[in-house]
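Peer 1: Residue numbers (my numbering): -15 to 232. To start, I am sharing the structure in question, which I have written as structure tokens.
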């Protein structure tokens, strides 16, 4: 019963609702002119597929499998890429919070620090007027986790992955560092590696923040449209475009 309810919800709420409305519109047009109706049905099918866990998992999973966490750390600094932050939101010891992906990256980096003792470098600025400064928030939260301030470097000006790499390379040079261990979301690690190599660095990849289970099976629920799946599909397609741009 619970899966039947989820199925009903997936089509009476957006974005599944729009699939039904577009399908109904295509069938209505079919009676007058089949060619535009077929075109609309094809567009609706593509839109529907982009909303399903099946499609988002395929796209995300292919990105996440490009690199695996190394068995041994080989670097002199742990570099963490930002992933968005809020401003003015309440936190335990101040204001501003990292978005989920960035917080997961931060947690991985903090655990690696406990294991290796390597300094941390968090890179990411204030991307939008109403967003938080990622590196500044991350430093406060890392200190709150018990990591000494002297072991934390921040690059708080960059606005995208290309600038993350460029500004981080300059900051590392200032501090005599040359071998970054790159921590970012698994879906983003391939693009991060490309950008850091373009900036003249030879990073070691350490993916985190996985979204797709490695062990899974097909179920009908993977065909239920959902806002989260549509968002994941969009994120994955953005990464593929970013990878293409980075390699040109």
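Beta carbons are placed, not taken as given, at the ideal position from N, Cα and C, and that holds for glycine.
Taking the straight line between their C-alpha atoms, what separation do you get for residue 214 and residue 34?
Peer 2: 6 Å
Peer 1: Taking the alpha carbon of residue 81 as the point to measure from, which residue in 92, 94, 66 has its own alpha carbon closest?
Peer 2: Among 92, 94, 66, the Cα nearest to that of residue 81 is on 66.
Peer 1: If we count the other Cβ atoms within 10 Å of its Cβ and call it buried at 16 or more, is residue 41 buried or exposed?
Peer 2: buried
Peer 1: Once you ignore the five residues that flank residue 115 on each side, which residues in its own chain have a CB closer than 8 Å to its CB?
Peer 2: 68, 69, 70, 71
Peer 1: Pairing CB atoms from the region 186 to 194 with CB atoms from the region 203 to 220, are three or more of them under 8 Å?
Peer 2: no
Peer 1: Which value, in whole angstroms, describes the spacing of the CA atoms of residue 100 and residue -14?
Peer 2: 46 Å
Peer 1: Hey, how far is the Cα of residue 86 from the Cα of residue 119?
Peer 2: 10 Å
Peer 1: Rank 7, 216, 38 by C-alpha distance to the C-alpha of residue 23 and give the top, closest one.
Peer 2: 7
Peer 1: Pairs of beta-carbons, one from the region 223 to 231 and one from the region 89 to 108, closer than 8 Å: are there three or more?
Peer 2: no
Peer 1: Provide the residue(s) that pair with residue 2 in DSSP beta bridges, ordered along the chain.
Peer 2: Paired residues: none, contrary to the question.
Peer 1: Can you tell me the Cα-Cα spacing of residue 207 and residue 230, whole angstroms?
Peer 2: 33 Å
Peer 1: Which word fits residue 170, buried or exposed, when buried means at least 16 other C-beta atoms lie within 10 angstroms of its C-beta?
Peer 2: Looking at its Cβ environment, which holds 16 or more other Cβ atoms inside 10 Å, residue 170 is buried.
Peer 1: List the residues that DSSP assigns as beta-bridge partners of residue 64.
Peer 2: DSSP, once it has assigned bridges, lists 106, 167 as partnering residue 64.
Peer 1: If contacts are defined as beta-carbon pairs under 8 Å, then residue 39 and residue 203 qualify, I think. What distance do you get, rounded to the angstrom?
Peer 2: Not confirmed; about 14 Å, so no contact.
Peer 1: I'd like to know if residue 11 contacts chain C, where contact means its C-beta is closer than 8 Å to some C-beta of that chain.
Peer 2: Protein chain content of the structure displayed is limited to a single chain, and chain C is not contained in it.
Peer 1: Please state the DSSP three-state secondary structure of residue 187.
Peer 2: Taken through DSSP and simplified to helix, strand or coil, residue 187 comes out as coil.
Peer 1: Let's see if you can read the secondary structure: which residues bound the beta strand (DSSP E) around residue 137?
Peer 2: 136 to 139
Peer 1: Pick from 14, 127, 57: whose alpha carbon is nearest that of residue 78?
Peer 2: 127
Peer 1: Just to confirm, is the Cβ distance from residue 91 to residue 62 under 8 Å?
Peer 2: no
Peer 1: Quick check on this structure: which residue in -4, 148, 219, 89 has the alpha carbon closest to the alpha carbon of residue 109?
Peer 2: 148
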